[in-house]
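To keep things clear, I will list the structure first and then write my remarks on it.
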Amino acid sequence: MSSPSLYCHDEQAIAGVEKLRFFPLAVESGRGCVLVEPGGRELLDFSASWTASGMGHGHPDIVSAVSKAIATAPGASILSMTHPDGVALAEQLLALVPSRPSLDGPRRVYLGHAGSDANDVALRGCRHATGRSGVIAFQGGYHGGLGIAQGVSGIHVDSGSPADPHVTFAPYPASYQPHTGDAATVVPETLRRVRLALAARTIAAVIVEPLQSDGGLLVPPPGFLEGLRQLCDEYGSYLIFDEVKVGLGRTGFLHAFEHDGVVPDIITLGKALGGGRPLSAAIGPAAVLDHPTASALMTTVGNPVSCAAGRAVLELLEEGEPVRNAAERGKQLSGLLHAYACAPVRPGSAHVGDVRGRGLSIGVEIVKSRDGKMPDDKLTAKTAFRAWELGLVAYPVRGNVLELTPPLTVSELEIERGVELLTRAIDDAALGVVSDAAIEPYSGW
Ligand SMILES: Cc1ncc(COP(=O)(O)O)c(C=O)c1O
Numbered sequence: 046m047s048s049p050s051l052y053c054h055d056e057q058a059i060a061g062v063e064k065l066r067f068f069p070l071a072v073e074s075g076r077g078c079v080l081v082e083p084g085g086r087e088l089l090d091f092s093a094s095w096t097a098s099g100m101g102h103g104h105p106d107i108v109s110a111v112s113k114a115i116a117t118a119p120g121a122s123i124l125s126m127t128h129p130d131g132v133a134l135a136e137q138l139l140a141l142v143p144s145r146p147s148l149d150g151p152r153r154v155y156l157g158h159a160g161s162d163a164n165d166v167a168l169r170g171c172r173h174a175t176g177r178s179g180v181i182a183f184q185g186g187y188h189g190g191l192g193i194a195q196g197v198s199g200i201h202v203d204s205g206s207p208a209d210p211h212v213t214f215a216p217y218p219a220s221y222q223p224h225t226g227d228a229a230t231v232v233p234e235t236l237r238r239v240r241l242a243l244a245a246r247t248i249a250a251v252i253v254e255p256l257q258s259d260g261g262l263l264v265p266p267p268g269f270l271e272g273l274r275q276l277c278d279e280y281g282s283y284l285i286f287d288e289v290k291v292g293l294g295r296t297g298f299l300h301a302f303e304h305d306g307v308v309p310d311i312i313t314l315g316k317a318l319g320g321g322r323p324l325s326a327a328i329g330p331a332a333v334l335d336h337p338t339a340s341a342l343m344t345t346v347g348n349p350v351s352c353a354a355g356r357a358v359l360e361l362l363e364e365g366e367p368v369r370n371a372a373e374r375g376k377q378l379s380g381l382l383h384a385y386a387c388a389p390v391r392p393g394s395a396h397v398g399d400v401r402g403r404g405l406s407i408g409v410e411i412v413k414s415r416d417g418k419m420p421d422d423k424l425t426a427k428t429a430f431r432a433w434e435l436g437l438v439a440y441p442v443r444g445n446v447l448e449l450t451p452p453l454t455v456s457e458l459e460i461e462r463g464v465e466l467l468t469r470a471i472d473d474a475a476l477g478v479v480s481d482a483a484i485e486p487y488s489g490w
C-alpha cells in the first residue's frame, strides 16, 4: 500500500481522539534515527516518537530482550503474580534514582503503561498519604491524557470532563519571555505565588517538569527547582518531578534534575523507559505508593515484555554512552542552530527567536520577528510540514516551538543532515513555499 493510501485508510479507521497530526506521515519500519515510509522513502527522525524511541528504532539489544521475553513470557502482568523481569526492573530503578537523604522509610516502584497513569497514580498516592486534595501544577505543563494527570495539565486538552477544582496553576518561569516581563524577578515572583498556595496547607503535591517540554522547551532558571524543594519541605507537601519526557539521559544527565542538584520525593518516568513499548514508572516513598492496596489496577501492568525492554534500556543507560552522546550531540545541535539564527543571508533566520534546551531536548522558537518576539504558529506548522516533505520529522509544541528530540544514539552526521533539512524548511516556509491549504487538514494540538 502506498504512503498516501495508507494515510487515507487511517483517516477512515482510526479514532481522531488519539491523533496529534501535523503532516501525513505514514511509516512502515524504522532503524536507528531513520523512519521508512511505505515505498521506501527514508526520513530522519528528530522526534523519536515524542522521545518514546529514545534508543532509536529497533535497537538490537531491545529487540533481543523483547524477543526472548515474548517467547517465554510468564503471564502478562505483575497484578496477581510476580516475575523476574518486573522485580529486576523495579530494583534497577530504585538503584538508579537517588533517594532524598531525609526520607525515612523504604521506597517503592509503581510499574505502569504510560506517563499518564504513572502521574495519575503518584498524584492520588500523595492525596491519600497526606489527606489533602490540593495540587500545584504549572501553566503549559503536560502530565497526561487521563484522570488526575489530565486535570493537572496546564495544556488543556478539551476532553469534555470538568476541570479539577483542587488544582492551582502557577506560571512556569521562562527566561525568553518571562511572565513578569523581567528575567530577574521571574523566579522569586513564581515562588511567591507557589508559597501563597501552599500556605493554606491543603496541598498534597507540587508536580513539575524539570524542563517543561510541551509548554515550549522551557529550561528552569537557576533557583526555581531548589525553591520548590524548600517550599515543599516547609509546608509538608510532596514534590513530584515528571521526567516522562526529559528523563533517562535525554538532557545529558541520567536525570534532568541533576542539572539543578535537586532531588524530588517522587519521580515519574515513561516514554523512553520502554524502548518503544508501553511502560512507565513512579518511584517514591512506600508511604505514597503502597496504599491503599489494589487501588491502581490495570490488568497488564508490569507486562513482562515491556519490563524486559525496560531492563535493556536501563542497561544501555548504565553503560553511559547514550547519555554522553546526548550531551555532545546536543551541544552540536544547538551550536548549529544558533549559527543559522545568526546567518543574515538565510531567508528564515530572522524568524528564529530563540534556541534553547538541554542535551537532546532542544526547542526552536519561531517568531514573526525577533524584536517583538511575537509567536508565529502558522510559520511553525508550515516549517514542520515542509521538513516532512524534505525528509525530516519534527513536531511543534505550544504552537510556535519546534521540538527537537532525536534518539540518544543520533550520530554527528545525522545531526548535520537534520539541521540542513530543518533550516531549509524554515527558509522555504518563510519564502511561502507551503500553502495554507497544505497544513489545513492537520489540526495539531
Ligand atoms: C512530561 C510528560 N508527562 C507525561 C506525559 C504523558 O505520557 P503518556 O503520553 O505516555 O501517557 C507526557 C506526554 O507527552 C509528557 O510529556
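According to the numbering used here, the sequence shown is numbered sequentially starting from 46. Backbone N, C-alpha and C define an ideal beta-carbon position, used for all residues, glycine too.
Per the DSSP secondary-structure output, S178 pairs with nothing in a beta bridge. A470 and L435 have their alpha carbons spaced roughly 7 Å apart. Proximity of the beta carbon of H188 to ligand 1 is indicated: a heavy atom of the ligand is located closer than 6 Å.
Shortest Cα-Cα distance from G205 to any of V212, G190, A384 involves G190.
DSSP links H102 through a beta bridge to G77.
Contact between the stretch 167–181 and the stretch 360–369 is absent: fewer than 3 CB-CB pairs across the two stretches fall below 8 Å. Looking at I248, S161, G417, G176, the one whose alpha-carbon comes closest to that of Y221 is G417. For the alpha helix (DSSP H) assignment, the uninterrupted runs of no fewer than 4 residues enclosed by the stretch 308–342 are, from N- to C-terminal side, 331–334. Contact between V346 and G157 is confirmed by a C-beta separation of about 6 Å, below the 8 Å threshold.
C-alpha of M100 to C-alpha of E459: approximately 15 Å in a straight line. Considered as a whole, the stretch 383–456 harbours 397–403, 406–411, 440–442, 446–449 as its complete beta strand (DSSP E) runs of no fewer than 3 residues, in chain order.
Annotation for F214: the continuous beta strand (DSSP E) segment containing it runs 212–215. Within the stretch 239–272, the runs of beta strand (DSSP E) at least 3 residues long that lie entirely inside it are, in chain order, 248–253.
Per DSSP, the continuous beta strand (DSSP E) segment holding G157 begins and ends at 152–157.
Our two residues, I328 and E254, have alpha carbons roughly 15 Å apart in a direct line. In the structure shown, L284 adopts extended strand secondary structure according to DSSP, grouped into three states. Closest option to I311, judged by alpha-carbon separation, among F68, G355, E288, G398: E288. K64 has its Cβ no nearer than 6 Å to any heavy atom of ligand 1. DSSP places L476 in the coil class of the three-state scheme, outside both helix and strand.
The closest heavy atom of ligand 1 lies less than 6 Å from the beta carbon of V289. Separation of the CB atoms of S325 and A163 is rounded to 4 Å, and the pair is thereby assigned contact status at 8 Å. Pairing V212 with P223 gives a Cβ-Cβ distance that is not under 7 Å. Taking the Cα positions, T235 is about 10 Å away from A219. Straight through space, the alpha carbons of R369 and P266 are spaced by roughly 23 Å. Looking only at V397, E366, R391, the smallest Cα-Cα distance to S379 is reached by V397. The C-alpha of G120 is placed about 10 Å away from the C-alpha of V350.
V446 places its beta carbon less than 7 Å from that of E410. For F214, the closest alpha carbon among the candidates A371, Y487, I181 is that of I181.
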